[in-house]
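Read through the structure below, which is laid out as structure tokens, and then see the notes.
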Amino acid sequence: MRNPIRKILGFSLPAAMLLSAHVQAAPSKPERKPNIVIFLIDDLGWRDLGCSGSTFYQTPTIDRFAAGAMRFNESYASASICSPTRASLLTGKYPARLHLTHIMGGEKPSPKRNLKTAGWIENLPLPEVTFAEVLKEGGYATGHFGKWHVGGPGFTPDQQGFDVTVDATPAKNRQDKNVTQLTDAAIAFMQAHAKEPFLAYVCHHTVHVPYEADEAMTDIYRQKAPRTGQNHTKMAAMIETLDHSVNRVLQTLDELGLADNTIVIFTSDNGGLRHVQEGKQNVTATDNAPARGGKAMLYEGGIRVPLIIKWPGVTRPGSISTVPVISMDLYPTLLDMAGLPPRPAQHLDGLSLAPLLRGGETLQRGALFWHFPHYHSNVATPMGSLRAGDWKLIEFFERNRTELYNLKDDFSEKHNLAAELPEKAAALRQQLHDWRTSVGALMPAANPKSPRTPAKSAVGTSGSKPANSNPTP
Ligand SMILES: [Ca+2]
3 MRNPIRKILG FSLPAAMLLS AHVQAAPSKP ERKPNIVIFL IDDLGWRDLG CSGSTFYQTP
63 TIDRFAAGAM RFNESYASAS ICSPTRASLL TGKYPARLHL THIMGGEKPS PKRNLKTAGW
123 IENLPLPEVT FAEVLKEGGY ATGHFGKWHV GGPGFTPDQQ GFDVTVDATP AKNRQDKNVT
183 QLTDAAIAFM QAHAKEPFLA YVCHHTVHVP YEADEAMTDI YRQKAPRTGQ NHTKMAAMIE
243 TLDHSVNRVL QTLDELGLAD NTIVIFTSDN GGLRHVQEGK QNVTATDNAP ARGGKAMLYE
303 GGIRVPLIIK WPGVTRPGSI STVPVISMDL YPTLLDMAGL PPRPAQHLDG LSLAPLLRGG
363 ETLQRGALFW HFPHYHSNVA TPMGSLRAGD WKLIEFFERN RTELYNLKDD FSEKHNLAAE
423 LPEKAAALRQ QLHDWRTSVG ALMPAANPKS PRTPAKSAVG TSGSKPANSN PTP
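Right, dumping it as structure tokens:
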């Protein structure tokens, strides 16, 4: 048989040389690292978007964005309140491992409480290497816009890898939780760094209390608010304003010609707040149904959050993952997507979601854990939890009591199976205790000033002082 190559060239070349000649003939452009935009929303519940089932809130931009991205239907926050989730996301570690398990300014020990709250740190230690520091080292311009809440003076975003940090200026009569101001700053940053890879970490203060919204927009929702369920008109207006922010940022990426090389992530720091005091009334802030509970609780409503990721050219538009994932997974995921080597000594508790974003269906992980050894107003007492497969166990430390649910059969956590399945409950409880020991979690102590003495076994032995405690206000 005649060699077709020889026929064309008049002489024969080894195949490898031909391949090499071909590659050299068409040099590819040097690959530019993808830009990264992360929206971290405050207190936005898992069902507070049109694409996740809300019929009252209007989020056309985020819904359209989700239709072109991957949505994680079983996404969790690392904690049911702000600061621990934020610290966890930045470091890739469980809040319990960081000993940053409560909010800045959280409830201190009180003689009225049954347990003496565990110690915690309020300032994320500077030796923690945040994902921003790694991206900065990797050549990224890094900007932080909005809420920080993991450290006071000396522990600010510029100390943790952000070149630029802009927070909102509190202003009288503001109508939008400073969403417009922060969006303007993020857009100016993206425009200024359009020619180099950038990370824009947009941490809106919305939709946290106090509720502030444009009156005309609120009025439109007043006309159509249902009597029950999601019906808070200012919340609806705040969510619409948030949608406008996302729209402006995505439009800017289009205008700069960067949309095809920008990873966009949208998520929240904890579940939706269920009730808010307005005057003498306790009204519905948002409704996480069919999930039970809300912010500060370890029921699904307190820890389930939206997570939508668009990795252009990789994620299949409109795809949905049902693998349980958690805030600290974002750190190794970001390094993976940016083509940077992992930092396994840092993001100890996170797993890269890149395999799922590429279309895979599993992650090699046994269970997810939560630890809240504190009190939070009248909503939360000290507790811990784990999810393993379809099983969910919550341990309440005050009463030394557990609740066990099968989320597949009972997503709303209505039927406590702890008494029915004592062996299952005991095994999961042991798994939770073993995990606490493995991460050095701090436990509440008995409160000698309390009129009631808690059951002894509910109180931990890990001590109540954080080992690396830094000054707390
Ligand atoms: Ca929050």
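With positions in the sequence shown counted from 1, the corresponding number in my numbering is that position plus 2. Cβ coordinates follow ideal geometry from the N, Cα and C atoms, glycine included.
Pair within 8 angstroms by beta-carbon distance, residue i and residue j
{"i": "Pro308", "j": "Ser247", "result": "no"}
{"i": "Phe268", "j": "Phe58", "result": "no"}
{"i": "Pro384", "j": "Pro453", "result": "no"}
{"i": "Asn75", "j": "Ser354", "result": "no"}
{"i": "Ile123", "j": "His101", "result": "yes"}
{"i": "Val285", "j": "Asp44", "result": "no"}
{"i": "Arg431", "j": "Leu395", "result": "yes"}
{"i": "Gly295", "j": "Asn272", "result": "no"}
{"i": "Gly47", "j": "Thr230", "result": "no"}
{"i": "Asn37", "j": "Phe191", "result": "no"}
{"i": "Gly108", "j": "His378", "result": "yes"}
{"i": "Arg88", "j": "Val152", "result": "yes"}
{"i": "Gly386", "j": "His373", "result": "yes"}
{"i": "Ser77", "j": "Arg306", "result": "yes"}
Selected residue, minimal CA-CA separation from residue i, among the options
{"i": "Leu434", "options": "Lys95, Glu397, Tyr407, Asn408", "result": "Glu397"}
{"i": "Thr103", "options": "Ser80, Arg115, Leu430, Lys114", "result": "Ser80"}
{"i": "Gly315", "options": "Pro129, Leu260, Gly94", "result": "Leu260"}
{"i": "Asp216", "options": "Ala202, Arg229, Ala196, Lys179", "result": "Lys179"}
{"i": "Glu139", "options": "Trp122, Gly163, Pro159, Thr286", "result": "Gly163"}
{"i": "Pro450", "options": "Gly55, Asn116, Lys110, Gly108", "result": "Asn116"}
{"i": "Val131", "options": "Phe157, Ala369, Glu280", "result": "Phe157"}
{"i": "Pro155", "options": "Glu135, Leu244, Asn125, Ala134", "result": "Asn125"}
{"i": "Thr254", "options": "Ala287, His234, Gln193", "result": "Gln193"}
{"i": "Glu363", "options": "His349, Pro129, Leu336, Ser321", "result": "Ser321"}
{"i": "Glu280", "options": "Ala68, Glu214, Gly107, Thr171", "result": "Glu214"}
{"i": "Pro86", "options": "Thr93, Leu388, Pro97", "result": "Pro97"}
{"i": "Gly94", "options": "Thr404, Met106, Asp331, Phe399", "result": "Asp331"}
{"i": "Thr220", "options": "Glu242, Thr230, Gly153", "result": "Glu242"}
{"i": "Gln60", "options": "Pro357, Met240, His378, His195", "result": "Met240"}
{"i": "Asn233", "options": "Trp393, His277, Val39, Asp262", "result": "His277"}
{"i": "Thr144", "options": "Glu302, Val204, Leu365", "result": "Val204"}
{"i": "Arg367", "options": "His378, Gly52, Asp351", "result": "Asp351"}
{"i": "Pro357", "options": "Trp313, Ala68, Ala369", "result": "Trp313"}
{"i": "Asp165", "options": "Ala202, Gly153, Ile38, Ala68", "result": "Ala202"}
{"i": "Asp50", "options": "Tyr377, Glu109, Ala293, Thr335", "result": "Ala293"}
{"i": "Pro319", "options": "Leu337, Gly52, Ala69", "result": "Ala69"}
{"i": "Val325", "options": "Ser56, Arg73, Gly52", "result": "Arg73"}
{"i": "Gly52", "options": "Leu406, Asp262, Leu244, Phe133", "result": "Leu244"}
Residue i to residue j span [Cα, whole Å]
{"i": "Ile189", "j": "Thr182", "result": "10 angstroms"}
{"i": "Ser440", "j": "His146", "result": "32 angstroms"}
{"i": "Val211", "j": "Glu33", "result": "43 angstroms"}
{"i": "Ala291", "j": "Glu198", "result": "43 angstroms"}
{"i": "Pro346", "j": "Tyr333", "result": "10 angstroms"}
{"i": "Ala340", "j": "Gly148", "result": "23 angstroms"}
{"i": "Lys297", "j": "Leu275", "result": "5 angstroms"}
{"i": "Ala420", "j": "Ala427", "result": "6 angstroms"}
{"i": "Ala27", "j": "Val327", "result": "Because Ala27 carries a pLDDT of 47, less than 50, the predicted location of this residue cannot be relied on, and the following value inherits that uncertainty. Taking the straight line joining both Cα atoms gives about 44 angstroms."}
{"i": "Pro62", "j": "Ala71", "result": "14 angstroms"}
{"i": "Gln177", "j": "Ala238", "result": "13 angstroms"}
{"i": "Gly442", "j": "Pro375", "result": "13 angstroms"}
{"i": "Arg66", "j": "Val251", "result": "14 angstroms"}
{"i": "Ser90", "j": "Gln348", "result": "11 angstroms"}
{"i": "Glu1", "j": "Leu184", "result": "Residue 1 is absent from the model: the chain starts at 3 and stops at 475."}
{"i": "Lys226", "j": "Glu415", "result": "30 angstroms"}
{"i": "Arg438", "j": "Ala218", "result": "50 angstroms"}
{"i": "Pro111", "j": "Thr119", "result": "5 angstroms"}
{"i": "Ala23", "j": "Lys35", "result": "The pLDDT assigned to Ala23 is 40, lower than 50, so where the model puts this residue is not dependable, and the model offers no usable value."}
{"i": "Leu388", "j": "Ala196", "result": "42 angstroms"}
{"i": "Ile311", "j": "Ile64", "result": "11 angstroms"}
{"i": "Arg403", "j": "Asp411", "result": "22 angstroms"}
{"i": "Arg360", "j": "Pro343", "result": "18 angstroms"}
{"i": "His207", "j": "Ser54", "result": "21 angstroms"}
{"i": "Arg224", "j": "Thr235", "result": "6 angstroms"}
{"i": "Val25", "j": "Leu337", "result": "Bear in mind that a pLDDT of 44 at Val25, under 50, signals an unreliable position, so the model cannot answer this."}
{"i": "His417", "j": "Val39", "result": "40 angstroms"}
{"i": "Asp256", "j": "Ala187", "result": "17 angstroms"}
{"i": "Met299", "j": "Asn380", "result": "11 angstroms"}
{"i": "Phe399", "j": "Gln161", "result": "36 angstroms"}
{"i": "Arg2", "j": "Asp436", "result": "Limits of the chain in this structure are 3 at one end and 475 at the other, which puts residue 2 out of reach."}
| request: Go through the residues and name those whose CB comes closer than 5 angstroms to any heavy atom of ligand 1, in chain order. | output: Asp44, Asp45, Cys84, Asp271, Asn272
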